[in-house]
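Colleague: Take a look at this one; I'll ask things after.
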Amino acid sequence: MVLEFTPSGIYCPAAETYIDPWRPVRRALITHGHSDHARRGHGAYMATHAAAPVIRHRLGDITMETTAYGTRHRIGDATISFHPAGHVPGSAQIRVEVGGEVWVASGDYKTVDDGLSEPFEPVPCDTFITESTFGLPIYDWPEEARLARDLNAWWSACVADGKRAVLGVYALGKAQRVLRLLDPAIGPVLTHGAVEATNAVLRDQGLRLPDTVPVRDGVDAKSHPCAIVLAPPSALGSAWMKRFGAVSTGIASGWMRLRGVRRRRAADRGFVVSDHADWKGLNAAIAATGASRVFVTHGYTVQFSRWLAEQGYDAGIVETEFGGDSLDDTEDSPA
Ligand SMILES: [Zn+2]
Ligand SMILES: [Zn+2]
């Protein structure tokens with residue numbers, strides 16, 4: 007096996023290296039900075055140049071080598087390279103070649119171009135490890151333009167009603183994606199500290215993001231009556247919100263496709279948007295790899311692997327400790 011599934015994580019014996027391990031290991035290749043993939047305690051880390059700043063911001067002082075996309079590294083008897091996953095800025099799929107056999111561990115990915123993340127790139131391989139967070143046909147994401155229209159229409163309606171729009175988004179990826187879709191003609195965009203800290207890291211590395219106003223003393227409903235507020239989902243309904251007076255709350259998540267989840271979260275509005283591939287995206291991505299064997303991790307693994315087997319793939323399920331999509335602050339869990 008080029009990659010093995012062990013209690014510590016996905017392991018490459020030829021390189022003596024793990025991919026996104028969930029237990030502390032000597033050497034880890036990290037696909038991206040979300041907390042279920044980039045964890046504390048490893049001896050050495052490797053990630054893309056663009057993923058590294060957020061990983062350092064979250065994990066502090068770690069030993070990390072960084073790489074450009076596409077550069078081939080010889081580690082032990084394996085050749086390893088990172089390729090764009092389109093999930094969040096800097097996110098990567100990891101290609102591992104041993105003795106002419108190629109496996110790709112995709113981490114989290116999406117096939118829609120969000121204008122910020124390096125667009126998903128299909129990597130030809132024999133075996134593909136895919137997530138299936140949204141691996142059912144009901145998950146069919148709206149076009150980016152429609153999402154922008156819906157967000158801005160809601161924000162405008164809030165302004166007309168004398169309310170602040172407060173949108174729950176997780177700090178890395180979705181916050182910046184939503185930020186780019188908001189129409190600055192409607193009003194200013196206020197940010198919770200967790201969102202602004204990630205914005206600052208990404209701006210520092212050269213990503214161009216629209217202007218934001220960090221929430222601090224004196225920033226409130228009176229000073230910014232037409233504002234929309236971007237905050238982690240956990241801030242919704244907290245005491246922190248009091249300063250904004252009358253509000254309308256929204257949540258941006260792929261899970262908003264499910265009415266039950268929407269109701270449980272008690273937000274006024276749900277916007278269907280995810281950093282993960284929808285059903286069509288998963289199927290297109292897998293087909294584009296040309297892989298004959300597919301391992302399915304997190305989400306609807308049973309249903310999705312059965313579907314793949316029906317399509318003629320040699321499909322298997324892998325238990326991992328990865329999450330799904332964010333309703334929490336760091337990312338990834340269905341309510
Ligand atoms: Zn992720
Ligand atoms: Zn994840």
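Heads up: the sequence shown begins at 7 in this note's numbering, then just goes up one per residue.
Glycine included, C-beta positions come from ideal geometry on N, C-alpha and C.
1) Cβ of residue 113 versus every heavy atom of ligand 2: is any distance shorter than 8 Å?
2) May I ask which residues mark the beginning and end of the alpha helix (DSSP H) holding residue 103?
3) State buried or exposed for residue 339, treating a residue as buried only when at least 16 other CB atoms are found within 10 Å of its CB.
4) In whole angstroms, what is the alpha-carbon distance linking residue 145 and residue 210?
5) List in chain order: all unbroken alpha helix (DSSP H) runs of 4+ residues lying wholly within the region 25-113.
6) Could you tell me whether the Cβ atoms of residue 27 and residue 41 are closer together than 9 Å?
7) Would residue 33 and residue 47 be called neighbours here (beta carbons separated by less than 9 Å)?
8) Could you tell me how far apart the beta carbons of residue 238 and residue 293 are, in whole angstroms, since I believe they sit closer than 8 Å?
9) How would you call residue 90, buried or exposed, if buried means at least 16 neighbouring beta carbons within 10 angstroms?
10) Within 10 angstroms of the Cβ of residue 229, are there 16 or more other Cβ atoms? Answer buried if so, exposed if not.
11) Can you tell me the Cα-Cα spacing of residue 112 and residue 167, whole angstroms?
12) State the Cα-Cα distance for the pair residue 204 and residue 80, rounded to the nearest angstrom.
13) Please report the residue range of the beta strand (DSSP E) in which residue 257 lies.
14) Considering residue 292, what are the terminal residues of the alpha helix (DSSP H) in which it resides?
15) Could you tell me if the beta carbon of residue 40 falls within a distance shorter than 8 Å of some heavy atom in ligand 4?
16) Please classify residue 138 as buried or exposed, where buried requires at least 16 other C-beta atoms within 10 Å of its C-beta.
17) Of the residues 21, 314, 303 and 306, which one's Cα is nearest the Cα of residue 86?
18) Count the other CB atoms within 10 Å of the CB of residue 103; is the residue buried (16 or more) or exposed (fewer)?
19) For residue 303, which three-state DSSP category applies?
20) I'd like to know whether the C-beta atoms of residue 234 and residue 173 end up nearer to each other than 9 Å.
21) Going by DSSP, name the residue or residues bridged to residue 183.
22) From what residue to what residue does the beta strand (DSSP E) around residue 223 run?
23) Counting only runs that start and end within the region 123-210, where is the beta strand (DSSP E) found for 3 or more residues in a row?
24) Classify residue 273 as helix, strand or coil using the three-state DSSP reduction.
25) Residues in its own chain within less than 7 Å of residue 82 by CB, not counting five upstream and five downstream?
26) Would you list the residues sitting across from residue 237 in a DSSP beta bridge?
27) Can you tell which of 258, 227 and 262 has the C-alpha that lies nearest to the C-alpha of residue 246?
28) Please check the pair residue 216 and residue 190, which I expect to be a contact at CB under 8 Å, by giving their CB distance rounded to whole angstroms.
29) Residue 307: which of 187, 11, 326 and 222 sits nearest, CA to CA?
Modeller: So, from the data block:
1) Residue 113 Cβ: within cutoff of ligand 2.
2) Going by DSSP, residue 103 is part of no alpha helix (DSSP H) but of the beta strand (DSSP E) stretching over 98-104.
3) In this prediction, residue 339 has a pLDDT of 37, which is less than 50 and means its spatial position is unreliable; what the coordinates show is noted afterwards. Per the 10 Å Cβ criterion, exposed.
4) Approximately 34 Å between the Cα atoms of the pair.
5) The region 25-113 contains these whole alpha helix (DSSP H) runs: 58-65.
6) For the pair residue 27 and residue 41, the CB atoms are not nearer than the 9 Å cut-off.
7) No, the pair does not count as a contact, with Cβ atoms beyond the cut-off.
8) With a Cβ gap of about 35 Å, residue 238 and residue 293 do not count as contacting.
9) Counting Cβ neighbours within 10 Å, residue 90 comes out buried, since at least 16 surround it.
10) A residue is called buried once 16 or more other Cβ atoms fall within 10 Å of its Cβ, and residue 229, having fewer, is exposed.
11) Cα-Cα distance, rounded: 44 Å.
12) Between residue 204 and residue 80, the alpha-carbon positions lie close to 32 Å from each other.
13) Taken as a continuous stretch (DSSP letters only), the beta strand (DSSP E) holding residue 257 covers 253-258.
14) Annotation for residue 292: the continuous alpha helix (DSSP H) segment containing it runs 285-295.
15) Judged by which ligands are present, ligand 4 is missing from the structure shown, whose ligands are ligand 1 and ligand 2.
16) Residue 138 is buried by the Cβ-count criterion.
17) For the residues 21, 314, 303 and 306, the minimum Cα distance to residue 86 belongs to 21.
18) When all chains shown are included, residue 103 counts as buried.
19) DSSP, reduced to helix, strand and coil, places residue 303 within a strand of the structure shown.
20) In this structure, residue 234 places its C-beta atom within 9 Å of the C-beta atom of residue 173.
21) Listed as beta-bridge partners of residue 183 by DSSP are no residues whatsoever.
22) For residue 223, no beta strand (DSSP E) run applies, since DSSP gives it neither H nor E.
23) The qualifying runs are 133-138, 170-174 and 195-197.
24) Coil, per DSSP.
25) 20, 21 and 22.
26) For residue 237, the beta-bridge partners assigned by DSSP are 174.
27) When 258, 227 and 262 are compared, the shortest CA-CA separation from residue 246 is found for 227.
28) Between residue 190 and residue 216 the Cβ distance is about 6 Å, and since that is below 8 Å, they are a contact.
29) For residue 307, the nearest C-alpha among the options comes from 326.
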